[in-house]
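Engineer:
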Amino acid sequence: MRYLMDEYENHPTQKPEALLKRIILTSSNPGDIVLDPFAGSFTTGAVAIASGRKFIGIEINSEYIKMGLRRLDVASHYSAEELAKVKKRKTGNRSKRCRVSEVDPDLIAK
1 MRYLMDEYEN HPTQKPEALL KRIILTSSNP GDIVLDPFAG SFTTGAVAIA
51 SGRKFIGIEI NSEYIKMGLR RLDVASHYSA EELAKVKKRK TGNRSKRCRV
101 SEVDPDLIAK
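Positions 1 to 110 (UniProt numbering) are the ones given, in order, by the sequence shown.
Below you can see the structure in the form of structure tokens.
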């Protein structure tokens, strides 16, 4: 479902903008500062700014920082190619990869 969101940014725990908007609008006033110490794909920042709030985001992963710079349209030293949005699905159904023939026969109860 997350992969189908328009705002999806290839982040494993990204939240829907509608959910974050509800939280931000009920817990802050226009002009307030919203702090996200684990900014990830910067969805919180995008919603905060669109809702008239200021935003401070902290993120350690450089790939997620690039997402945030692009998403928030912040000037940076990265090129347009480095900030280009590429939709790709990172998760897969790993259960299909394990076959009964691959299981150790000693593990199967008789």
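Where a beta carbon is used, it is the ideal one built from N, C-alpha and C, also for glycine.
Relative to the C-alpha of THR44, which candidate in PRO30, SER62, ILE23, GLY31 has its C-alpha closest?
Structural biologist: Sequence index remark: in the sequence shown, residue 44 carries index 44 (1-based). If we check each option's Cα against that of THR44, ILE23 comes out closest.
Engineer: Short check: CB of ASP36 to CB of ARG53, under 8 Å?
Structural biologist: Taking the sequence shown and counting its residues from 1, the one referred to as residue 36 is at position 36. Taking the sequence shown and counting its residues from 1, the one referred to as residue 53 is at position 53. Going by C-beta atoms, ASP36 is not nearer than 8 Å to ARG53.
Engineer: Can you tell me the Cα-Cα spacing of PHE38 and GLU63, whole angstroms?
Structural biologist: On the sequence shown, residue 38 is found 38 positions in, with the first residue counted as 1. On the sequence shown, residue 63 is found 63 positions in, with the first residue counted as 1. The straight-line gap from Cα to Cα measures roughly 13 Å.
Engineer: Give a yes or no on whether the C-beta atoms belonging to ALA46 and LEU69 are separated by under 8 Å.
Structural biologist: Looking up residue 46 in the sequence shown gives position 46. Looking up residue 69 in the sequence shown gives position 69. Cβ distance not < 8 Å, so ALA46 and LEU69 don't count as in contact.
Engineer: Taking the C-alpha atoms as reference points, what is the distance between residue 115 and ILE60?
Structural biologist: Here the chain has residues from 1 to 110 only, and residue 115 is not among them.
Engineer: If you reduce the DSSP assignment to three classes, tell me which class ILE24 lands in.
Structural biologist: Position 24 of the sequence shown, counted from the first residue, corresponds to residue 24. ILE24 falls in the helix class under three-state DSSP.
Engineer: Within 10 angstroms of the Cβ of SER27, are there 16 or more other Cβ atoms? Answer buried if so, exposed if not.
Structural biologist: Walking along the sequence shown from the start, residue 27 turns up at place 27. Exposed, because fewer than 16 other Cβ atoms sit within 10 Å of the Cβ of SER27.
Engineer: Given that a residue counts as buried once 16 or more other Cβ atoms are within 10 Å of its Cβ, and exposed if not, what is LEU20?
Structural biologist: Translated into the one-based positions of the sequence shown, residue 20 becomes position 20. Answer is buried; the Cβ neighbour count reaches 16.
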